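All remarks here apply to the structure that follows.
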Amino acid sequence: MGKVGCRRDMEQKSGSSAEAQADRSDPRNEASREGRDDPTLQDVLQAITASRVALEGKIDALATDLTVLQDDHRRLAEKVSTTDKQLKELLPEMQSERRKAMEAAASLSGSDRGSRVQTAADDEPSDSDHESEASRESDGSGPAITLGTSDCII
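Just so we're aligned, residue 169 is where the sequence shown starts under this note's numbering, counting upward by one.
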């Protein structure tokens, strides 16, 4: 009986040997191609070197992307600055045109009693302004027209 047990152990070991042999023939495993189960220091160093080279390539690509983004940011900042300067130059002219339009709208009403021009200097209309505006609308002297942020009653 001892021999049967030994034979069974031998068959199991030989099966394990066949599996180990199949693993060694796997081309994806450097250590197994050379008949070793554990990778050597050389195998580890080669893997580290390959990883380092791949990472250096990615770092170079990211550095290039960063440079492009910095250039784009600089160009956009210049455009924003230029546009801001242009708007500041145009603001007085736009305010003047708005004032003229408000005055023209007020003069079209033909009557000083029913017209009111609220300029940009007015912070908020008083309650009496709202009441008189509502009474003017209801008495038919004219509808309220909104120009920008100011109201005109025509």
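C-beta: ideal position from N, C-alpha, C; glycine also.
Since the model is a prediction, treat every value here as computed from it, not as a measurement.
Which of the three DSSP states is assigned to residue i in this structure?
i: residue 235; result: helix
i: residue 207; result: coil
i: residue 275; result: helix
Is residue i near the ligand HEM, judged by its Cβ being under 7 Å from some heavy atom?
i: residue 217; result: The ligand content of the structure shown is nil, which means the ligand HEM is not present either.
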